[in-house]
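Engineer: For the sequence shown, position 116 matches number 116 in the UniProt record's numbering, and the numbering has no gaps at all.
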Amino acid sequence: MVNSDTATASIPTVEVVVRGDLDVWTAPGINTTLDEAIALTPKQLIIDLEGCPSIDAAGILLLLDAHRRAIRNGGVVALRSPSARLMRNLRLARVDRVLQVLTPCPPDAHRQEDKP
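(1) What residue from Leu-63, Val-77, Leu-102 and Val-98 has the CA that sits closest to Thr-26's CA?
(2) My parser needs the beta strand (DSSP E) runs of 3 or more residues fully inside the UniProt domain "STAS" (16-99); what are they?
(3) Is DSSP giving Thr-13 helix, strand or coil here?
(4) Drop a sphere of 10 angstroms on the beta-carbon of Leu-99, count the other beta-carbons inside from all chains shown, and report buried for 16 or more, exposed for fewer.
(5) When you compare only the Cα positions, how much space is there between Gly-29 and Leu-79?
(6) Looking at C-alpha atoms only, which residue of Ala-93, Met-87, Ala-58 and Asp-65 is the closest neighbour of Val-77?
(7) Out of Leu-86, Leu-92, His-67 and Ser-81, which one is the CA nearest neighbour of Ala-39?
(8) Between the alpha carbons of Pro-53 and Leu-22, how many angstroms are there, rounded?
(9) What is the rounded straight-line gap between the Cα of Ile-55 and the Cα of Ala-84?
(10) Leaving out five residues before and five after Ile-60 in sequence, what residues of the same chain have Cβ atoms less than 8 Å from its Cβ?
(11) Going along the chain, which residues of its own chain have a beta-carbon closer than 6 Å to the beta-carbon of Pro-82, five neighbours each way excluded?
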């Protein structure tokens with residue numbers, strides 16, 4: 001017997017692709033996309049940053065908040081393909097100690113694109 005109060009549907013992986021800067025101006029729109037992704041309760045939420053040239057404090061806070069919400073739902077957040085510049089900023093903020101950083105994805109991977 002399944003208790004409907006504790007049973008949740010979950011999918012293995014959801015990927016959100018960020019194109020453009022992740023900053024105070026784009027964070028609200030990207031947050032909406034992340035809300036939708038987290039609502040699916042994936043085991044792993046991958047945020048692809050290959051097309052993201054820069055990040056500011058608002059963007060870093062957004063990533064950490066997504067991580068907090070995913071953990072609360074039993075999942076994890078991983079960052080894929082940040083540029084050297086982004087990686088430097090993530091290291092300075094010590095985000096690389098909290099979030100897993102993945103190598104580039106295979107070309108045939110299915111992705112949900114977010115365009116700010």
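Think of the CB as a built atom: it goes at the ideal place given N, C-alpha and C, for glycine as much as any other residue.
Here the structure is a predicted model, which means the values were calculated and not measured.
Structural biologist: From the atom records:
(1) Leu-63
(2) 44-51 and 76-80
(3) strand
(4) buried
(5) 18 Å
(6) Asp-65
(7) His-67
(8) 8 Å
(9) 12 Å
(10) Asn-89, Leu-90, Ala-93 and Val-95
(11) Leu-49
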